[in-house]
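Chains as they are written, first to last, in the numbering used here: chain A, 2 to 111; chain B, 102 to 215.
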């Protein structure tokens with residue numbers, strides 16, 4: 002089965018600083034999804050990457066999928082308190098199933 | 102659009118009691134699934150369904166039953182609750198025929214089993 006490993010497990014940054022979260026897969030990724038979860042709430046879809054080398058941005062968040070399609074990174078520029086939460090990467094398994102990493106908890110200090 | 106609606110939001114059970122977590126979606130999504138989220142363990146798939154009348158087991162199905170009689174509803178049943186089932190449960194759905202498995206999640210149901 003496909004396993005996703007996220008790093009770091011938790012991150013505390015000062016507001017305004019940049020940060021990167023990584024997601025490494027044990028197998029080739031055919032669909033990589035980034036979700037964000039605010040404390041006590043459900044997950045919200047951020048971005049999807051499917052092609053090797055693909056990069057997508059939304060506001061100050063950029064996600065990339067490496068050429069070999071086994072690692073993705075999520076980069077936040079000039080972090081704000083609104084970016085705080087848990088970031089999870091997910092991947093397509095089979096028959097529509099998704100597998101997830103353990104999540105990265107981001108705290109942004111004002 | 103309501104999206105994915107889960108009820109109840111909070112529930113406390115005693116060991117051995119039974120209950121059903123309800124999940125409904127109004128987006129005509131074929132695929133529905135139940136996950137549990139435990140600290141440090143991410144999301145683990147319990148059961149999933151690719152359409153009405155079709156269900157299958159995920160990674161951690163023991164102690165849980167599901168059924169999918171309509172496209173809209175996918176209830177999760179705990180027949181005899183155990184403390185190990187204390188967790189936050191998420192229902193999710195997606196339109197798999199779109200070619201991408203972007204999941205829409207419910208707000209979660211926090212279950213405590215004493």
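From the three backbone atoms N, C-alpha and C, an ideal C-beta is built for every residue, glycine too.
Listed by chain order, chain B residues near residue i by CB distance under 7 Å
i	result
residue 86 of chain A	Those do not exist, as residue 86 of chain A stays about 13 Å from chain B at its closest Cβ, beyond 7 Å.
residue 34 of chain A	203
residue 99 of chain A	202, 204
residue 53 of chain A	Under the 7 Å cutoff, chain B gives no residues; its nearest Cβ is about 16 Å from residue 53 of chain A.
residue 93 of chain A	202
Beta-carbon contacts of residue i that lie in its chain and below 6 Å, excluding the five residues immediately before and after
i	result
residue 34 of chain A	49, 91
residue 180 of chain B	119
residue 45 of chain A	37
residue 22 of chain A	75, 88, 105
residue 193 of chain B	134, 204, 206
residue 62 of chain A	77
residue 110 of chain A	15
residue 72 of chain A	25
residue 68 of chain A	53, 54
Contacting residues, own chain, Cβ-Cβ under 8 Å from residue i (five flanking each side not counted)
i	result
residue 31 of chain A	51, 70, 92, 93
residue 11 of chain A	105, 106, 107, 108
residue 146 of chain B	134, 135, 136, 159, 160, 161
residue 115 of chain B	182, 214, 215
residue 151 of chain B	131, 132, 157, 197
Alpha-carbon spacing of residue i relative to residue j, whole angstroms
i	j	result
residue 75 of chain A	residue 118 of chain B	42 Å
residue 213 of chain B	residue 108 of chain B	14 Å
residue 58 of chain A	residue 108 of chain A	21 Å
residue 4 of chain A	residue 27 of chain A	5 Å
residue 163 of chain B	residue 24 of chain A	29 Å
residue 101 of chain A	residue 189 of chain B	15 Å
residue 122 of chain B	residue 203 of chain B	22 Å
residue 183 of chain B	residue 131 of chain B	31 Å
residue 138 of chain B	residue 39 of chain A	14 Å
residue 82 of chain A	residue 187 of chain B	30 Å
residue 125 of chain B	residue 208 of chain B	12 Å
residue 170 of chain B	residue 178 of chain B	14 Å
residue 141 of chain B	residue 42 of chain A	17 Å
residue 143 of chain B	residue 6 of chain A	10 Å
residue 129 of chain B	residue 47 of chain A	21 Å
residue 153 of chain B	residue 13 of chain A	44 Å
residue 172 of chain B	residue 201 of chain B	19 Å
Own chain, CB closer than 7 Å to residue i, minus 5 neighbours either side, in chain order
i	result
residue 158 of chain B	148
residue 113 of chain B	213, 215
residue 17 of chain A	79, 80
residue 111 of chain B	211
residue 85 of chain A	107, 108, 109
Within chain A, partners of residue i - CB distance below 8 Å
i	result
residue 142 of chain B	103
residue 191 of chain B	43, 44
First through last residue of the beta strand (DSSP E) which encompasses residue i
i	result
residue 23 of chain A	20-26
residue 100 of chain A	99-101
residue 112 of chain B	111-114
residue 120 of chain B	120-126
residue 7 of chain A	5-8
residue 204 of chain B	Neither: residue 204 of chain B is in no beta strand (DSSP E) and is coded neither H nor E.
residue 107 of chain A	105-110
Where residue i meets chain A, residues with beta-carbon distance less than 9 Å
i	result
residue 208 of chain B	41, 42, 43
residue 159 of chain B	98
residue 165 of chain B	Those do not exist, as residue 165 of chain B stays about 16 Å from chain A at its closest Cβ, beyond 9 Å.
Under 9 Å by beta carbon: chain B residues contacting residue i
i	result
residue 89 of chain A	143, 144
**Message:** If we require 3 or more residues per run, which beta strand (DSSP E) segments fall completely within the segment 139-188 of chain B?
**Reply:** Those beta strand (DSSP E) runs which fall completely within the segment 139-188 of chain B and span 3+ residues are 144-152, 155-158, 165-167, 177-179.
**Item:** Segments of 3+ residues assigned as beta strand (DSSP E) that fall wholly inside the segment 11-90 of chain A
**Value:** If you keep only unbroken beta strand (DSSP E) runs of at least 3 residues inside the segment 11-90 of chain A, you get 11-15, 20-26, 33-38, 44-50, 56-59, 62-66, 72-77.
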